[in-house]
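*Asks:* To convert, note that position 72 of the sequence shown is 72 in UniProt numbering; the numbers rise steadily by one, no gaps. For each residue, glycine too, the CB sits at the ideal point set by N, CA and C. Small disclaimer: the values here were computed from a predicted structure and weren't measured. Okay, handing you the structure first.
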Amino acid sequence: MSGGHFGHPGSLPDADLRSASLVDADDVAALLCELGYPCDRNDAARRIRAIGENDRQALVVARVGGVVSGLVALDFMYYLPLDTVTCRITALVVTSGARGTGLGRQLLKEAERRARAGGAARLELSSGSQRTDAHAFYKACGFSDGTVRFIKRLGDA
């Protein structure tokens, strides 16, 4: 993605945000690979289908200038301690060429809009401890440090 495509640096791109469909499988695969999660077109199609069949999940893609340049995935869950719904961002990625344009902020605003519309009382995400740039971005977008997350891998999961 080259020159002027997104306007001047820091300007918000004119993004089309919509729910992903199977035609987005190649783009979703490429975005997940960019995030560090290997995925091919068939894997992405299966994942898009699984999200589409689950009314507690959402996958939003952002097209800028006709090119899918980012995505955000959401998971709505009942949160027992607060007796409410929490919306968790399970993936957020913007292509390297679209970073710094405000597209990530637009995707987070769309996530918040969908979370509110879905009755969620809060929006949360987790981010690998090595992703310090992402942590600064999330804090700048109004997220605060939450709890420490522990993971135990169960076989291939």
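Here's the rule: buried if 16 or more other CB atoms are within 10 angstroms of the residue's CB, otherwise exposed. What is S69?
*Replies:* buried
*Asks:* Would you call the region 38 to 55 in contact with the region 80 to 89, where contact means no fewer than 3 C-beta pairs closer than 8 angstroms?
*Replies:* no
*Asks:* Going straight from the alpha carbon of G97 to that of G36, what length do you get?
*Replies:* The straight-line gap from Cα to Cα measures roughly 16 angstroms.
*Asks:* Excluding sequence positions up to five away, which residues of its chain have a Cβ less than 6 angstroms from the Cβ of L32?
*Replies:* C39
*Asks:* In terms of DSSP beta bridges, what is Q57 paired with?
*Replies:* D75
*Asks:* Sorted by chain position, which residues of the same chain lie with C-beta nearer than 6 angstroms to V61's C-beta, five sequence neighbours on each side aside?
*Replies:* When the five nearest sequence neighbours on each side are left out, the beta carbons in the same chain lying within less than 6 angstroms of the beta carbon of V61 are those of A20, D24, V68 and L71, in order along the chain.
*Asks:* Which term fits A136, buried or exposed, when burial requires 16 or more other beta carbons within 10 angstroms of its beta carbon?
*Replies:* Exposed, since its Cβ has fewer than 16 Cβ neighbours within 10 Å.
*Asks:* For C33, which beta-bridge partners are listed by DSSP?
*Replies:* C33 pairs with nothing; no bridge assigned.
*Asks:* I'd like the span of the beta strand (DSSP E) that includes A91, first residue to last.
*Replies:* T84 to V94
*Asks:* Who are the Cβ neighbours of S2 in its own chain at under 6 angstroms, not counting the five residues just before and after it?
*Replies:* Caution is warranted here: a pLDDT of 34 is assigned to S2, below 50, making its placement in the model unreliable, and the coordinate value is therefore given only provisionally. Excluding sequence neighbours, S2 sits near nothing in its chain.
*Asks:* Give me the DSSP bridge partner(s) of V64.
*Replies:* A15 and V67
*Asks:* Could you tell me if Y78 is buried or exposed, where buried requires 16 or more neighbouring beta carbons within 10 angstroms of its beta carbon?
*Replies:* exposed
*Asks:* Which residues in the same chain have their Cβ closer than 6 angstroms to the Cβ of D75, if we skip the five residues on either side of it in sequence?
*Replies:* Q57, R88 and T90
*Asks:* Starting from the C-beta of R149, find all residues in its chain whose C-beta is less than 7 angstroms away, skip the five residues before and the five after it, and write them out in chain order.
*Replies:* S126
*Asks:* Hey, out of L59, G119, R131 and D14, whose CA is closest to V28's CA?
*Replies:* L59
*Asks:* Kindly list the residues whose CB is nearer than 7 angstroms to the CB of E112, restricted to its own chain and excluding five residues on each side of it in sequence; keep chain order.
*Replies:* Once the five neighbours on either side are set aside, the close Cβ partners of E112 are L123.
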